[in-house]
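**Q** So the sequence shown is residues 12 to 154, counted in my numbering.
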Amino acid sequence: MFAKECLGLTEARAAMNAVLDEGLRQPDAPIAVAITDDQGKLVCFARMDGCPPVVVELAFMKAYTAAVALLDTLAFADRDKGWGRELATYGDPKFTYLQGGLVIVTRPPRRAILGGIGVSGRMPEEDERLARLGLDAILGTAA
């Protein structure tokens, strides 16, 4: 029998809360955060008040891409650029190269893929920084 680690709601909520706690320090710059399982299915989602619909969609797309492509969105974009690929190559309209999506991977030696976390609404580097806070909360390394 095959046993597989899965991302639970408890871990996903911890990530969401870590991201929102930091995001709410700037209430005039609303963000959205999405956490998916390893198949790209939504486990947990939240958005700040006043968050535009495009930001909501992009947060999900970032989490989905990280989970399904098995790479952080920025690394995915860099890899494909080096290979001369475009998003259209994959035939999946939910894929994005936008920074702010991180793959959730357990620590060695197992390195199991648990899902993805995506944050949108701020500058790309800030989206990724916020997503990393959520990732740290899941992996239990929040400072």
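For every residue, glycine included, the Cβ atom is placed at its ideal position computed from N, Cα and C.
Remember, predicted model here, so these are calculated numbers, not experimental data.
#1: Restricting to Cα atoms, I'd like to know which of G112, A86, F106 is closest to L141.
#2: If you compare alpha carbons, which of R143, I149, G145, G132 is closest to Q37?
#3: Out of V79, T117, D32, K15, which has the shortest C-alpha to C-alpha gap to L144?
#4: Can you give the Cα-Cα distance for A153 and R118, rounded to whole angstroms?
#5: So, T76 versus F106, is the Cβ gap smaller than 8 Å?
#6: Tell me which same chain residues have a C-beta within less than 8 Å of the C-beta of L81, skipping the five on either side of it?
#7: From L109, G19, M12, pick the residue whose C-alpha is nearest to that of E136; which is it?
**A** Here's the rundown:
#1: Ranking G112, A86, F106 by Cα distance to L141 puts G112 first.
#2: The option with the nearest alpha carbon to Q37 is G132.
#3: Ranking V79, T117, D32, K15 by Cα distance to L144 puts D32 first.
#4: Low local confidence applies: a pLDDT of 40 at A153 is under 50, so the model's placement there is unreliable, and no value is given.
#5: A Cβ-Cβ contact shorter than 8 Å links T76 with F106.
#6: If we look at L81 and ignore the five residues flanking it on each side, its Cβ neighbours are V114, I124.
#7: E136 has its Cα closest to that of L109, out of L109, G19, M12.
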